[in-house]
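This report concerns only the one structure given below.
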Amino acid sequence: MRYSRDKDWGEIGLGCLGLLTLIAIATVISAFIMTLVWGWIVPQIFASAVEQGVLPASLTIVQALKLSILFSILGLTGATASSKSKKSSDVGFVGNIVISVVAAIVLLPFWAILVMISGFFISLVWGWVIPDVFNGAVAHNLLPGTLPFWHAVGLSILFSVLGLSSHRASSSD
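This is the structure in structure tokens:
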């Protein structure tokens, strides 16, 4: 049996186009579902905030897409922080402490860079999403319309810690 790697660039391009189309369709469907769930849940749970105009009673598809982008960026830091391996070793208590300290020293710069990059994207996307979706809360000064970089970094650290906490809580068997 002969293995052939000869792929036509047209086939590769068509496969990439199909993948991008599938991602776009899934994104629009999830945004549509988000608008339905928002319109069903938010007016019931936050009725007074909706009446005061602080929260919208319903979302447009564009607002739902913007929110999903913001939540995905916020989730990146938490997901990477909680993606630790569940392997256990038999090096003993002191060995585990030494390994943890060395790993923390080695990985801390990478984590800091990830948090800074995530904070930058959070700051950009916040100014694009929050004033549009939560314009009532921004008008009442309950939410900032723009998020300074260091506040976005703090938010990134918060989601990172929350990601670690949820990972530890789910892995404590």
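The sequence shown begins at 0 in numbering that gives the first Met the number 0 and counts up by one. Virtual Cβ for every residue (Gly too), placed ideally from N, Cα, C. All of these numbers come straight from a predicted model, not from anything done at the bench.
query                                                                                                                                                                  : result
Roughly how many angstroms lie between the CA atoms of D172 and F133, to the nearest whole one?                                                                        : Residue confidence is low: D172 scores 49 on pLDDT, short of 50, so the model does not pin down where it sits. Its coordinate-derived value is still stated next. Straight-line Cα distance between these residues: approximately 40 Å.
Excluding the five sequence neighbours on either side, which residues of its own chain have a C-beta within less than 6 Å of the C-beta of A63, listed in chain order? : A30, M33 and T34
Take the Cβ of V105 as the centre, count every other Cβ of all protein chains shown within 10 Å, and call the residue buried at 16 or more, exposed below.             : exposed
Starting from T34, trace the alpha helix (DSSP H) in both directions and tell me its first and last residue.                                                           : W8 to I44
Return helix, strand or coil for H139, following the three-state DSSP convention.                                                                                      : coil
Give the straight-line distance between the Cα atoms of D131 and I156, rounded to the nearest whole angstrom.                                                          : 25 Å
On a CA-only basis, which of N140, F158 and S159 is nearest L54? Give me that one, please.                                                                             : N140
Among the candidates S67, G118 and G135, whose CA atom is the shortest distance from the CA of L173?                                                                   : Because residue 173 is not part of the residues shown, which for the chain are 0 to 172, the question remains open.
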